[in-house]
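Just so we're aligned, residue 1 is where the sequence shown starts under the UniProt record's numbering, counting upward by one. Virtual Cβ for every residue (Gly too), placed ideally from N, Cα, C. Everything numeric in this text was worked out from a predicted model, so none of it was measured. Working notes for the structure below.
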Amino acid sequence: MHMATPLLPKNSTFFHFPLPITKTIPSIPFSINRTGSISMSTSTKMEGSDITEEIRESTESGGNVKKKIFVAGATGSTGKRIVEQLLAKGFAVKAGVRDLEKAKTSLSKENPSLEIVKADVTEGSAKLAEVIGDDSEAVVCATGFRPGWDLFAPWKVDNFGTVNLVDACSKVGVNRFILISSILVNGAAMGQILNPAYIFLNVFGLTLIAKLQAEQYIRKSGINYTIIRPGGLRNDSPTGNVAMEPEDTLYEGTISRDQVAEVAVESLVHPESSYKVVEIVSRVDAPKRSYKDLFGSIEQR
Ligand SMILES: NC(=O)c1ccc[n+]([C@@H]2O[C@H](COP(=O)([O-])OP(=O)(O)OC[C@H]3O[C@@H](n4cnc5c(N)ncnc54)[C@H](OP(=O)(O)O)[C@@H]3O)[C@@H](O)[C@H]2O)c1
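Pasting the structure below:
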């Protein structure tokens with residue numbers, strides 16, 4: 001039995017760490033429908049971030065428009081990486097942020113595929129539905145409360161805020177939802193109630209319990225979801241490969257935010273990720289596997 005290690009490693013942080021991504025993108029046609037399933041019109045095999053592609057759909061007039069993804073928490077350390085990786089993969093992005101001025105400095109400038117909109121997840125589903133609009137194919141939620149004086153902030157943001165986003169999706173007919181959650185959210189049921197990370201994060205505003213509540217709401221909502229539960233987040237570049245396990249399995253380990261963003265983006269192009277909860281950490285001894293294989297190895301429950 002391994003000793004449990006804290007979820008927050010020394011080099012993890014709640015704050016930003018800009019990561020410019022400058023990949024060139026050859027064109028491979030994809031199709032994502034409103035149920036979240038994606039088909040490629042070529043036999044190209046996807047292998048993590050090794051291949052980049054343009055993600056477009058045809059319009060009735062015969063033109064091409066890029067698939068648009070709404071990202072909540074887009075100025076966050078993981079959120080901004082998700083935005084950059086989506087853009088690099090050829091998606092259009094609607095970046096939901098609390099502070100438009102901050103977003104101007106932290107997100108890519110003058111990218112015609114990037115739209116920045118104001119979206120505070122605590123302000124209710126009706127307002128969120130307006131900003132998500134009828135042109136988003138999927139919503140990625142990378143929000144997390146910012147530590148401060150409000151003890152209820154985790155509950156407001158990580159539970160109610162996520163619930164608001166799901167309700168907004170149902171209002172505008174978006175049927176694909178990706179959540180960045182956390183390992184150990186169900187720590188009590190896993191026998192990890194004395195795990196220092198479980199104690200620390202729950203003492204601080206019941207954070208993990210708030211996230212678990214939101215997860216349960218998503219799973220009951222009927223929306224096509226992928227819930228991604230990473231281990232402790234690191235800002236540094238990946239040092240190992242992604243190890244993906246079923247829910248309520250991992251209780252220690254860390255992962256680079258780059259890899260968490262990659263898993264979120266890859267979940268949008270792999271139907272094997274649908275209706276699944278996956279736990280991820282990075283391990284130097286983990287074999288390099290395709291995302292089709294990784295997501296495919298997790299059973300739906
Ligand atoms: N830290 C860890 O080791 C760890 C481990 C596992 C899972 N996680 C989870 O992984 C996720 C991403 O973590 P991170 O450290 O990359 O995030 P982060 O840098 O703390 O960013 C959080 C984002 O949420 C936004 N946000 C906060 N309150 C909001 C609100 N009311 N409405 C809309 N957006 C709001 C923030 O906006 P502003 O930029 O405007 O503040 C920011 O963009 C979080 O859910 C976190 O709990 C973290």
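7 Å Cβ cutoff met for residue i and residue j
i, j, result
"residue 193", "residue 250", "no"
"residue 93", "residue 100", "no"
"residue 122", "residue 156", "yes"
"residue 240", "residue 254", "no"
"residue 179", "residue 128", "no"
"residue 223", "residue 160", "no"
"residue 271", "residue 256", "no"
"residue 181", "residue 227", "yes"
"residue 142", "residue 78", "yes"
"residue 242", "residue 259", "yes"
"residue 151", "residue 185", "no"
"residue 291", "residue 266", "yes"
Whole-angstrom distance between residue j and residue i, CA atom to CA atom
i, j, result
"residue 196", "residue 175", "36 Å"
"residue 295", "residue 229", "13 Å"
"residue 132", "residue 139", "8 Å"
"residue 55", "residue 65", "9 Å"
"residue 118", "residue 212", "26 Å"
"residue 216", "residue 300", "15 Å"
"residue 144", "residue 285", "30 Å"
"residue 105", "residue 82", "16 Å"
"residue 135", "residue 169", "11 Å"
"residue 57", "residue 69", "13 Å"
"residue 125", "residue 74", "18 Å"
"residue 189", "residue 263", "25 Å"
"residue 113", "residue 91", "7 Å"
"residue 72", "residue 80", "10 Å"
"residue 245", "residue 97", "31 Å"
DSSP beta-bridge partners of residue i
i, result
"residue 241", "283"
"residue 56", "66"
"residue 229", "279"
"residue 177", "139 and 225"
"residue 255", "233"
N- and C-terminal bounds of the beta strand (DSSP E) containing residue i
i, result
"residue 94", "92-97"
"residue 118", "114-118"
Start and end residues, alpha helix (DSSP H) containing residue i
i, result
"residue 132", "125-132"
"residue 122", "No alpha helix (DSSP H) holds residue 122; DSSP gives it neither H nor E."
"residue 292", "291-296"
"residue 87", "79-88"
"residue 102", "100-106"
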